[in-house]
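*Asks:* Every number in this note's numbering is 3 more than the matching position in the sequence shown, counting from 1. This is the structure I have questions about; it appears just below.
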Amino acid sequence: MPDKSPVVIIGAGVAGLCCALDVKAKGIPVCVLEKEARPGGRVRTEDFEGFRLDRGFQVWLEAYPQCRKRLDPRKLQAGAFGSGAVIFDGKRLRLFADPFRHPRQALKSVCHPVGSLRDKVRMQILRSRLTHRDMTQLFSGEEMSAMEYWQKEGFSSQMIQGFLSPFFRGIFLAEPEDVSRRMFDFVFSMFGQGKAYLPAGGIQALPDALAAELHQGELRLSTPAEHIQAHSVRTGSGEQIAASAVVVTVPDDESLGVPRRESRSVSCLYFDAPKAPVQGPWLILNGSGQGNVTQVSVNSSVAPGYAPAGRHLISVSLNGLSEEGESMRKEAVMTELRQWFGSEVNEWRFLKEMEIAHALPAFGEEELPGPGWVEKQGIFYAGDGFLHPSLQGAMESGSRVAAELLKRLD
Numbered sequence: 004m005p006d007k008s009p010v011v012i013i014g015a016g017v018a019g020l021c022c023a024l025d026v027k028a029k030g031i032p033v034c035v036l037e038k039e040a041r042p043g044g045r046v047r048t049e050d051f052e053g054f055r056l057d058r059g060f061q062v063w064l065e066a067y068p069q070c071r072k073r074l075d076p077r078k079l080q081a082g083a084f085g086s087g088a089v090i091f092d093g094k095r096l097r098l099f100a101d102p103f104r105h106p107r108q109a110l111k112s113v114c115h116p117v118g119s120l121r122d123k124v125r126m127q128i129l130r131s132r133l134t135h136r137d138m139t140q141l142f143s144g145e146e147m148s149a150m151e152y153w154q155k156e157g158f159s160s161q162m163i164q165g166f167l168s169p170f171f172r173g174i175f176l177a178e179p180e181d182v183s184r185r186m187f188d189f190v191f192s193m194f195g196q197g198k199a200y201l202p203a204g205g206i207q208a209l210p211d212a213l214a215a216e217l218h219q220g221e222l223r224l225s226t227p228a229e230h231i232q233a234h235s236v237r238t239g240s241g242e243q244i245a246a247s248a249v250v251v252t253v254p255d256d257e258s259l260g261v262p263r264r265e266s267r268s269v270s271c272l273y274f275d276a277p278k279a280p281v282q283g284p285w286l287i288l289n290g291s292g293q294g295n296v297t298q299v300s301v302n303s304s305v306a307p308g309y310a311p312a313g314r315h316l317i318s319v320s321l322n323g324l325s326e327e328g329e330s331m332r333k334e335a336v337m338t339e340l341r342q343w344f345g346s347e348v349n350e351w352r353f354l355k356e357m358e359i360a361h362a363l364p365a366f367g368e369e370e371l372p373g374p375g376w377v378e379k380q381g382i383f384y385a386g387d388g389f390l391h392p393s394l395q396g397a398m399e400s401g402s403r404v405a406a407e408l409l410k411r412l413d
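Have a look at this one:
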């Protein structure tokens with residue numbers, strides 16, 4: 004193919020955008036094709052009646068190496084969650100904060116009934132140990148489930164059921180028996196090394212910031228790919244594009260030859276409230292072991308841009324999808340949350356529900372980390388489904404496949 008043929012990247016999610024930026028930085032032309040009208044893929048925000056509704060609960064961890072490299076919290080006006088969580092234990096809400104990052108809460112956290120003093124010391128020792136490991140070490144530990152790992156580390160059932168399980172269930176969209184300890188090590192290390200952010204413009208601000216580095220013609224929105232070969236792509240309009248290489252970063256399009264992988268689902272209900280149900284930028288967890296709600300986030304308390312002035316955006320997550328109708332599900336959720344927050348829930352106005360069937364790729368035992376990318380019939384495939392299920396996994400996968408392309412095209 005001619006030297007000036009671009010690397011054609013299908014999908015403007017964060018994997019595709021990172022791949023494009025790394026290839027472009029070496030002077031090689033790129034062309035990113037995205038079937039939607041905005042970049043981002045699963046990292047997406049919808050504007051709805053003055054509120055910003057992310058596609059499910061998503062956060063940006065400051066310690067992710069790719070985020071440190073590519074994103075500036077100040078430019079994105081990012082707000083940070085507190086380190087810890089408010090936990091509903093079936094009777095009341097109590098704040099369990101990291102005593103090192105929130106020293107004013109140290110005594111309350113030490114005395115919190117979620118676990119024993121020994122549990123809390125063990126947690127700090129584990130955090131210290133993991134934060135001193137590099138990425139390779141985090142993903143090379145003995146494979147077992149997160150639940151087996153916590154038990155092996157000596158955490159009590161009270162700490163596991165009251166904090167560890169609900170906190171990480173909301174992140175991994177799975178029970179701890181079905182989550183790799185390697186993935187837990189990685190995420191726990193990242194939380195231990197930095198803040199969890201929400202950008203003022205919604206999580207969509209992340210891919211928008213990456214896409215802004217591409218010039219006109221390098222990113223083509225509303226342009227689906229219909230047929231692909233190793234050195235050419237035909238778009239939905241019939242245009243044929245010659246390519247020096249083709250990279251596919253969409254996760255679930257069988258027509259483009261994307262290898263199938265099981266995925267995890269989540270439902271997220273959004274409410275408009277006149278006031279926040281808890282004070283401060285805290286994630287609120289269900290530590291009771293009962294009910295369908297896994298966690299509640301007042302996104303507007305973290306980044307005020309999520310809601311109009313004087314209002315609050317409440318994000319309620321339920322793992323999996325329900326067969327109940329939206330009206331029944333909404334009423335069931337509100338009934339459950341009245342146990343958490345009392346009668347003020349009656350003042351909440353339902354905005355919208357998002358049912359996300361393919362929220363995260365699922366990895367089985369011994370699959371983590373994945374290779375980062377694969378090649379089939381001369382076409383490259385990348386994304387978090389080829390490395391590990393996280394924002395870092397998607398971005399790093401895009402960067403890894405770019406490095407391989409640069410070696411071959413040099």
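Cβ atoms here follow ideal geometry from the backbone N, Cα and C, with glycine treated the same way. No experiment lies behind these values; they were computed from the predicted model shown.
When the Cα atoms are used, what is the spatial distance from Met-398 to Val-117?
*Replies:* As a working mapping, residue 398 is identified with position 395 in the sequence shown. As a working mapping, residue 117 is identified with position 114 in the sequence shown. Going from the Cα of Met-398 to the Cα of Val-117 covers about 35 Å.
*Asks:* So, is Ile-2 buried or exposed, given that buried needs 16 or more other C-beta atoms within 10 angstroms?
*Replies:* In the structure as shown, the chain begins at 4 and stops at 413. Residue 2 is therefore absent and cannot be evaluated.
*Asks:* On the premise that Leu-176 lies in contact with Asn-322, defined as a C-beta separation below 8 Å, what is that separation, rounded to the nearest angstrom?
*Replies:* Translated into the one-based positions of the sequence shown, residue 322 becomes position 319. Translated into the one-based positions of the sequence shown, residue 176 becomes position 173. At roughly 5 Å, the Cβ-Cβ gap stays under 8 Å, so Asn-322 and Leu-176 are in contact.
*Asks:* Counting beta carbon pairs with one atom in the segment 302-310 and one in the segment 336-344, are three or more of them shorter than 8 Å?
*Replies:* At 8 Å Cβ cutoff, the stretches do not touch.
*Asks:* Figure out for me which residue from Ala-276, Ala-214, Cys-271 has the closest Cα to the Cα of Leu-36.
*Replies:* The residue labelled residue 36 in the question sits at position 33 within the sequence shown. With distances taken between Cα atoms, Leu-36 lies closest to Ala-214.
*Asks:* Kindly list the residues whose CB is nearer than 6 Å to the CB of Lys-38, restricted to its own chain and excluding five residues on each side of it in sequence; keep chain order.
*Replies:* Taking the first residue of the sequence shown as 1, we reach residue 38 at position 35. Contacts found: Pro-227.
*Asks:* Relative to the C-alpha of Ser-393, which candidate in Val-62, Gly-165, Ala-109 has its C-alpha closest?
*Replies:* On the sequence shown, position 390 is the one that residue 393 refers to. Nearest of Val-62, Gly-165, Ala-109 to Ser-393, Cα basis: Val-62.
*Asks:* Checking 8 Å against the spacing of the C-beta atoms, do Ala-109 and Gly-85 come in under that value?
*Replies:* Taking the sequence shown and counting its residues from 1, the one referred to as residue 109 is at position 106. Taking the sequence shown and counting its residues from 1, the one referred to as residue 85 is at position 82. Contact flag unset, no.
*Asks:* What is the DSSP secondary structure of Gln-61, counted as helix, strand or coil?
*Replies:* Mapped onto the sequence shown, residue 61 falls at position 58. Residue state, collapsed to three classes: coil.
*Asks:* Label Met-126 either buried or exposed according to how many other C-beta atoms from any shown protein chain fall within 10 Å of its C-beta, with 16 as the threshold for buried.
*Replies:* Along the sequence shown, read from residue 1 onward, the residue named residue 126 stands at position 123. Flag for Met-126 reads buried.
*Asks:* Does the count of Cβ pairs from the segment 183-202 and the segment 350-362 closer than 8 Å reach three?
*Replies:* Because the criterion of three Cβ pairs below 8 Å is not met, the segment 183-202 and the segment 350-362 do not touch.
*Asks:* Does DSSP put Asn-295 in a helix, a strand or coil?
*Replies:* For the purposes of this step, residue 295 is taken as the residue at position 292 of the sequence shown. Three-state DSSP puts Asn-295 in coil, outside helix and strand.
*Asks:* Starting from Lys-379 and walking both ways along the beta strand (DSSP E), at which residues does that stretch end?
*Replies:* Reading the sequence shown from its first residue, position 376 is the one you call residue 379. Looking at the DSSP string, the run of the beta strand (DSSP E) that includes Lys-379 is 376-379.
*Asks:* Val-250 to Pro-364, Cα distance in whole Å?
*Replies:* Against the sequence shown, residue 250 aligns to sequence position 247. Against the sequence shown, residue 364 aligns to sequence position 361. Going by the C-alpha atoms only, they are around 19 Å apart.
*Asks:* With DSSP as the reference, identify every bridge partner of Pro-116, one or two as the case may be.
*Replies:* Translated into positions along the sequence shown, residue 116 becomes position 113. Looking at the DSSP assignment, Pro-116 forms no beta bridge with any residue, so it has no partner.
*Asks:* Applying the criterion that 16 or more other CB atoms from any shown protein chain within 10 Å of the CB defines a buried residue, is Lys-27 buried or exposed?
*Replies:* Taking the sequence shown and counting its residues from 1, the one referred to as residue 27 is at position 24. Lys-27 should be labelled buried.
*Asks:* Measuring from the CB of Trp-351, is there a heavy atom of the ligand SAH at a distance below 7 Å?
*Replies:* You won't find the ligand SAH in this model; it holds no ligand whatsoever.
*Asks:* Compute the Euclidean distance between the alpha carbons of Leu-96 and Gly-292, then round it to the nearest angstrom.
*Replies:* Position 93 of the sequence shown, counting from 1, holds the residue named residue 96. Position 289 of the sequence shown, counting from 1, holds the residue named residue 292. Cα to Cα, Leu-96 sits roughly 14 Å from Gly-292.
*Asks:* Excluding sequence positions up to five away, which residues of its chain have a Cβ less than 6 Å from the Cβ of His-218?
*Replies:* The count along the sequence shown starts at 1 and reaches residue 218 at position 215. Answer for His-218: no residue qualifies.
*Asks:* Give me the residue from Ile-287, Ser-8, Val-113, Lys-29 with the minimum Cα distance to Lys-102.
*Replies:* Taking the first residue of the sequence shown as position 1, residue 102 is located at position 99. Sequence check: residue 102 is Pro here, not Lys. Here the closest residue by C-alpha is Val-113.
*Asks:* How about Thr-297 and Ser-266: do their beta carbons lie closer than 8 Å?
*Replies:* As a first step, residue 297 is located in the sequence shown; it is residue number 294 there, counting from the start. As a first step, residue 266 is located in the sequence shown; it is residue number 263 there, counting from the start. Not a contact, by the Cβ cut-off of 8 Å.
*Asks:* Pull up the DSSP beta-bridge partners for Glu-358, would you.
*Replies:* Reading the sequence shown from its first residue, position 355 is the one you call residue 358. Beta-bridge pairing links Glu-358 to Ser-270.
*Asks:* Would you call Ala-2 buried or exposed, if buried means 16 or more other Cβ atoms sit within 10 Å of its Cβ?
*Replies:* Absent from the structure is residue 2, since the part of the chain shown begins at 4 and ends at 413.
*Asks:* What does the alpha-carbon distance come out to for the pair Pro-106 and Ile-128?
*Replies:* The sequence position of residue 106 within the sequence shown is 103, counting from 1. The sequence position of residue 128 within the sequence shown is 125, counting from 1. Approximately 17 Å, taken between the alpha carbons.
*Asks:* According to DSSP, is Ala-208 helix, strand or coil?
*Replies:* Start at 1 with the first residue of the sequence shown, and residue 208 comes out as number 205. Ala-208 falls in the helix class under three-state DSSP.
*Asks:* What's the gap between the Cα of Asp-137 and the Cα of Gln-342?
*Replies:* Within the sequence shown, residue 137 is the residue found at index 134, counting from 1. Within the sequence shown, residue 342 is the residue found at index 339, counting from 1. Their backbone Cα atoms lie some 42 Å apart in a straight line.
*Asks:* Hey, Ile-16 and Gly-53 are a contact pair by Cβ (cut 8 Å); roughly how many whole angstroms apart?
*Replies:* For the purposes of this step, residue 16 is identified with residue 13 of the sequence shown, where counting begins at 1. For the purposes of this step, residue 53 is identified with residue 50 of the sequence shown, where counting begins at 1. In the sequence on display, residue 16 carries Gly and not Ile. Not quite, the Cβ-Cβ distance comes to about 26 Å (not below 8 Å), so this is no contact.
*Asks:* Could you check the C-alpha separation between Lys-379 and Leu-272 for me, to the nearest Å?
*Replies:* By 1-based counting over the sequence shown, the position of residue 379 is 376. By 1-based counting over the sequence shown, the position of residue 272 is 269. For Lys-379 and Leu-272, the distance between alpha carbons rounds to 39 Å.
*Asks:* What is the DSSP secondary structure of Leu-36, reduced to helix, strand or coil?
*Replies:* Counted from its first residue, the sequence shown places residue 36 at position 33. In the structure shown, Leu-36 sits in a strand (DSSP, three-state: E or B).
*Asks:* Report yes or no: do three or more beta-carbon pairs, one from the segment 44-51 and one from the segment 223-243, lie closer than 8 Å?
*Replies:* In short, these stretches do not touch, since the Cβ pair count stays below three.
*Asks:* Just the Cα atoms here: how many angstroms apart are Arg-223 and Ser-247?
*Replies:* As a working note, residue 223 is residue 220 in the sequence shown. As a working note, residue 247 is residue 244 in the sequence shown. Between Arg-223 and Ser-247, the C-alpha separation is close to 18 Å.
*Asks:* Counting C-beta neighbours from all protein chains within 10 Å, is the total for Gln-207 16 or more, i.e. buried, or is it exposed?
*Replies:* Residue numbering aside, residue 207 sits at position 204 when the sequence shown is read from its first letter. Gln-207 is buried by the Cβ-count criterion.
*Asks:* Between the Cα of Pro-280 and those of Met-357, Asn-289, His-315, spot the shortest distance and give me the residue it belongs to.
*Replies:* As a working note, residue 280 is residue 277 in the sequence shown. Selected option, being the one with the closest Cα: His-315.
*Asks:* Can you give the Cα-Cα distance for Asp-122 and Cys-34, rounded to whole angstroms?
*Replies:* Start at 1 with the first residue of the sequence shown, and residue 122 comes out as number 119. Start at 1 with the first residue of the sequence shown, and residue 34 comes out as number 31. C-alpha separation (whole angstroms): 52 Å.
*Asks:* Report yes if the C-beta distance between Gly-401 and Cys-21 is below 8 Å; otherwise report no.
*Replies:* Along the sequence shown, read from residue 1 onward, the residue named residue 401 stands at position 398. Along the sequence shown, read from residue 1 onward, the residue named residue 21 stands at position 18. Yes, they are a contact pair.
*Asks:* Residue range of the alpha helix (DSSP H) that Glu-175 falls in?
*Replies:* What you label residue 175 is simply residue 172 of the sequence shown in a count that begins at 1. Looking at the sequence itself, residue 175 is Phe, so the reference to Glu does not match. Segment 168-175, the alpha helix (DSSP H) holding Phe-175.
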